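Reading through the structure tokens given below for one structure.
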């Protein structure tokens with residue numbers, strides 16, 4: 001399970017309605033991202049597909065450990081601006097998957113200070 005001092009990556013995959021990727025990304029980049037960066041910190045990346053499921057996007061957030069993630073996610077969920085952002089973003093989201101990744105000992109990400 002989770003150890004107290006394990007760096008983790010919150011890997012989120014969203015399947016969006018057909019044709020809504022540009023609208024979702026615009027909303028995320030202009031409204032959602034600034035709010036989340038302030039509370040969650042450690043925004044690692046956002047990806048979209050070039051081939052395959054082009055209605056899917058992936059974003060990743062880094063946390064010092066499970067407890068750090070839990071606290072930050074709870075703080076974000078209480079934020080009024082974030083709540084409003086989520087209400088608007090939901091119209092585009094068909095499915096959401098969240099995976100918590102723990103780096104292996106050989107992973108270069110372990111050298112990054114979050």
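In the working numbering, the protein residues as written are 1 to 114. Using N, Cα and C, we set each Cβ at its ideal position, and we do this for glycine too. Note that this is a predicted model, so its numbers are computed, not measured.
Quiz item: Can the beta-carbon of residue 19 be found closer than 7 Å to that of residue 44?
Solution: no
Exercise. Go to residue 63, then tell me how far its beta strand (DSSP E) extends in each direction, as first and last residue.
Key: 56-63
Quiz prompt | Inter-residue Cα distance where the pair is residue 85 and residue 92 | solution = 12 Å
Practice problem: Using 10 angstroms around the beta-carbon of residue 90, count the other beta-carbons present and answer buried if the total reaches 16, otherwise exposed. | Solution: exposed
Exercise. Sort out for me which residues DSSP pairs residue 101 with in a bridge.
Key: Answer by DSSP bridge pairing, in chain order: 9.
Quiz item: Between residue 70 and residue 7, which are expected to be in contact by the criterion C-beta below 8 Å, what is the C-beta distance as a whole number of angstroms?
Solution: With a Cβ gap of about 14 Å, residue 70 and residue 7 do not count as contacting.
Quiz item: Hey, how far is the Cα of residue 107 from the Cα of residue 13?
Solution: 21 Å
Quiz item: For the alpha helix (DSSP H) that residue 40 lies in, which residues bound it at each end?
Solution: Run containing residue 40: 33-40, per the alpha helix (DSSP H) assignment.
Self-check item: residue 16 vs residue 24 beta-carbon contact at 7 Å
Solution: yes
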